[in-house]
Structures are given as structure tokens and as C-alpha cells.
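Taking it in order: structure first as C-alpha cells, then the write-up.
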Amino acid sequence: MHGYLPGNPQTPIITPNVKDAPFRVLKNGVKQFHLRAEPVVHELVNGIKIRGYGYNGSIPGPTILVNQGDYVQITVENRLPEATSVHWHGLIVSNRMDGVPGPGGSPIIQPGESFTYEFRIQQSGTFMYHSHVHDAKQELMGLAGMLISRGIYEEPVDRDYVLLLQEWAVQMEMHQQTSSHPMNDHPSKQSASNIYDIDPMSMMFNFFTINGKAYPDTAPLFVRYGERVRIRLGNLSMDSHPMHFHGHDFIVTAVDGNPIPMMARLKRNTINVAPGETWNIEFLANNPGNWVFHCHKPHHTTNAHAMEGMGGMLVYCKIKIQRSAENLA
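Residue numbers (this note's numbering): 11 to 339.
Structure (C-alpha cells):
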């Protein structure tokens, strides 16, 4: 989860609850990645698991970390029961490598087959990747991840976090559960196994996640007092998510991988992240404490629309004053 790039002394890029994609560097400098699209049983929050689709056993898929100028080979192996592809959302690549079969002309990857995408990373910034075959189904089954490209002129920060926003239509079985709900402290209805199917074609979403986890299982963002912090936001869901930060204002520094000129940057405490968008925000951690960062659509901070307790698309930013040689976390 702590992504120093080889030969790059910059701040590590951290995707809480999600691993970085491993790679190897060939003698000619090419970086080789491997993504395995496959069915995955994934735990959204303590006790609630879904049958979804993921990459390398993970929902969302591992974060791909590259540098601007890198030449990459990304082999996608299809272990799904249906055809798939990968689209490199926001990256400028050749038409064949765009990952859109049919109208786009890119290859389709049949079950049991693999395809290697090859391209040079021309841009720097915050990008995403996701399926573009039956994408209404496969994206909302979990086939998505973040891709971060570092540039030579990237502005320095002390912390650099990546957050992917997703939502799920979990098919909760309807029988009364008499014990306490594992997500919120009240009775609810759930299946005996706690492993549920999801309906990717439903518009009735009942779980909302950051990096595949719903609160209280979202990992905190640890920060020291006085640090400058970057948060990279991506949205691969059906809904927009107005993300609101308590206790601080932030500066909006980039959109869809493109830096915003200094004179055009806005100071805000809420930013609406629409489907398909990425945003970078930065703030100065000058107000110590545990501060909530969450979607401001009220239903999106619940689990299964529970009437009590917080859940869903919410994470804590823990700003700690450093004392002597103590560790941050």
C-alpha cells in the first residue's frame, strides 16, 4: 500500500485498504504489470461480503503507479465467465490500446485468454482503469482501479492519499436477524452466510465505499500536524458524491489528471465528484483531531440504509501533533 517508485524520492502514494500493482522492469526499461480479472468474494464491511468481479483478487483492483514517460506492458488475463477488456480512463493511448472493443476497435479478451496493452505514459496525474465490455455490469461488479502517473514537476506534499468511490446494490436476503447487526448496533435483516449477490443493473444502491470499504472499516488517513496533504479522488459509480471535509478548507489543484493553474484554484470544503471524474485536493493539516471526510448525500453514509449509526462513504483524517520520537499511527 505504500508506493515509492524506483529511483523516486518523493512522498509515497498510499491507497488505504488497497495494494499497489506489482511490476518488474526489463533491461530496456519497460515496466511489466499483470492484471487478472476474476470472480472475487469481497468484504465491504465487517460481516457483509459480496460476490463480485475484481483484479488480482481485489475490489477495487490494485493501484498502478507509474512515472510520466514510462513505457508499460500490462497483460490482462481473463478468468471471468465472460469476455472483458480494460480501458485506461483519461490516458492518451493509441486506438488499439484504448480497451474499447466494438465501436472502439480494441481487442476483446475472451474467457481463458490474455491480452497485453502496450503504451507510453504521456501524462502525469490521477487516472483510473475499468472494464469496457458489458461495462454497465462489469464496472458495477467491481472491475475498476486507480492509475497514478507522477511527473517531473509534481508539486511536493507530505502525504499523498488515493480514494476510489464506488457503490453497490447488495441483494440482502429477507429474513429477520435477531442478533446485533455487524455494521451498525441495531437489529437488521441479513443472510445466514453474510455472502450476498449484487445486482449491477439495479439503481437501488445500499452500500457506498471508499477503496472497497464502508465505514467503520475504512482505513483512517494518518497525518501529522503542519503537513501538507494531497487527496486524489476518483469516482467509478453511478452517482455523484459531494465529498465534504470537516475542520478544514482545501484547495482544488487538479481535475481529470490536469493541473489547475494557480490563479484559477478554488478554496472549498466540499467538492462534487461526478461519475468518471478525478480530482486532486490539498490542505494544510493545521487543526489537530479526528476529522470526518464523507459524502454529503445522507443515504450514502449508511450501510443498508440503516436508521442508526454511521456507515458508507466516510473516512477519518487523524491529525496528530508529533511528540518526541513517537510513531504517527
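Quick reminder that beta carbons are idealized off the backbone N, C-alpha and C, glycines included.
Which residues in the same chain as L324 place their Cβ atom closer than 7 Å to its Cβ, once the five residues preceding and following it in sequence are excluded? Taking the sequence shown and counting its residues from 1, the one referred to as residue 324 is at position 314. Result list for L324: Y225, T228, V302, H304 and T311, in chain order.
Whether H258 touches N290 by CB criterion (8 Å): Within the sequence shown, the letter at position 248 stands for residue 258. Within the sequence shown, the letter at position 280 stands for residue 290. The Cβ atoms of H258 and N290 do not sit closer than 8 Å to each other.
If you count every other CB in all the chains shown that lies within 10 Å of the CB of R240, and 16 or more means buried, which is it? Here residue 240 refers to the residue found at position 230 when the sequence shown is read from its first residue. Flag for R240 reads buried.
Could you name the residues of the same chain whose beta carbon sits closer than 6 Å to that of Q20, not counting the 5 residues immediately before and after it, in chain order? One-based indexing of the sequence shown puts residue 20 at position 10. No residues qualify anywhere along the chain.
For A274 and F33, I'd like the C-alpha separation in whole angstroms. As a working note, residue 274 is residue 264 in the sequence shown. As a working note, residue 33 is residue 23 in the sequence shown. Distance between the alpha carbons of A274 and F33: 37 Å.
May I ask which residues mark the beginning and end of the alpha helix (DSSP H) holding K147? For the purposes of this step, residue 147 is taken as the residue at position 137 of the sequence shown. Element bounds for K147: D145 to M151.
Where does N105 fall in DSSP's three states? Position 95 of the sequence shown, counting from 1, holds the residue named residue 105. Helix.
Beta strand (DSSP E) containing Q83: first to last residue? For this step, residue 83 is matched to residue 73 along the sequence shown. First-last of the beta strand (DSSP E) with Q83: Y81 to N88.
Excluding the 5 residues preceding and the 5 following F129 in the sequence, name in chain order all residues of the same chain whose CB lies nearer than 7 Å to its CB. Within the sequence shown, residue 129 is the residue found at index 119, counting from 1. Apart from the 5 residues on each side of it in sequence, F129 sits with its Cβ closer than 7 Å to the Cβ of V82, V103, S104 and M107 in its chain, given in chain order.
Can you tell me the Cβ-Cβ gap for F137 and H99, rounded? I've got them flagged as a contact below 8 Å. Working through the sequence shown from its first residue, we reach residue 137 at position 127. Working through the sequence shown from its first residue, we reach residue 99 at position 89. Correct: roughly 6 Å between the Cβ atoms.
Enumerate in chain order the residues of its own chain whose CB-to-CB distance from I118 is below 7 Å, with the five nearest sequence positions on each side excluded. Numbered from 1 along the sequence shown, position 108 holds the residue referred to as residue 118. Apart from sequence neighbours up to five positions away, the residues of its chain that approach I118 with a beta-carbon distance below 7 Å are A93, S95, P111 and V143, ordered along the chain.
Tell me, please, which residues DSSP counts as bridged to F217. Here the question's residue 217 lines up with position 207 in the sequence shown. In DSSP, F217 forms a bridge with W178.
Just how far apart, CA to CA, sit I162 and A31? Start at 1 with the first residue of the sequence shown, and residue 162 comes out as number 152. Start at 1 with the first residue of the sequence shown, and residue 31 comes out as number 21. So the alpha carbons of these two residues sit roughly 22 Å apart.
Considering N300, what are the terminal residues of the beta strand (DSSP E) in which it resides? Along the sequence shown, read from residue 1 onward, the residue named residue 300 stands at position 290. Its beta strand (DSSP E) spans residues G299 to C305.
Quick one: grab the DSSP three-state call for H309. For the purposes of this step, residue 309 is identified with residue 299 of the sequence shown, where counting begins at 1. In the structure shown, H309 sits in a helix (DSSP, three-state: H, G or I).
From N204, P308, D145 and D170, pick the residue whose C-alpha is nearest to that of M253; which is it? Numbered from its first residue, the sequence shown carries residue 253 at position 243. M253 has its Cα closest to that of P308, out of N204, P308, D145 and D170.
Alpha carbon to alpha carbon, how far is N88 from R46? Translated into the one-based positions of the sequence shown, residue 88 becomes position 78. Translated into the one-based positions of the sequence shown, residue 46 becomes position 36. For N88 and R46, the distance between alpha carbons rounds to 6 Å.
Less than 8 Å between the C-beta atoms of H52 and G135, yes or no? Within the sequence shown, the letter at position 42 stands for residue 52. Within the sequence shown, the letter at position 125 stands for residue 135. With respect to the 8 Å criterion, H52 and G135 are not classified as neighbours on the basis of their beta carbons.
Between the Cα of V55 and the Cα atoms of K330, A314 and K328, which residue gives the shortest distance? Here residue 55 is taken as the residue at index 45 of the sequence shown, counted from 1. Among K330, A314 and K328, the Cα nearest to that of V55 is on A314.
Starting from the Cα of S141, find the closest Cα among G122, V86 and I131 and give me that residue. The residue given as residue 141 occupies position 131 in the sequence shown. In terms of Cα proximity to S141, the closest of G122, V86 and I131 is V86.
Segment limits, beta strand (DSSP E) that includes V233: Taking the first residue of the sequence shown as 1, we reach residue 233 at position 223. L231 to R234 is the extent of the beta strand (DSSP E) around V233.
Would you mind sorting V172 into buried or exposed? The rule is 16 or more other CB atoms within 10 Å of its CB. Counting from 1 along the sequence shown, the entry for residue 172 is found at position 162. V172 should be labelled buried.
With distances taken between CB atoms, is the gap from L175 to H251 smaller than 8 Å? Numbered from 1 along the sequence shown, position 165 holds the residue referred to as residue 175. Numbered from 1 along the sequence shown, position 241 holds the residue referred to as residue 251. It is a contact, given that the beta carbons lie within the stated cut-off.
Cα separation between N279 and V262? Along the sequence shown, read from residue 1 onward, the residue named residue 279 stands at position 269. Along the sequence shown, read from residue 1 onward, the residue named residue 262 stands at position 252. When only Cα atoms are considered, N279 and V262 end up about 10 Å apart.
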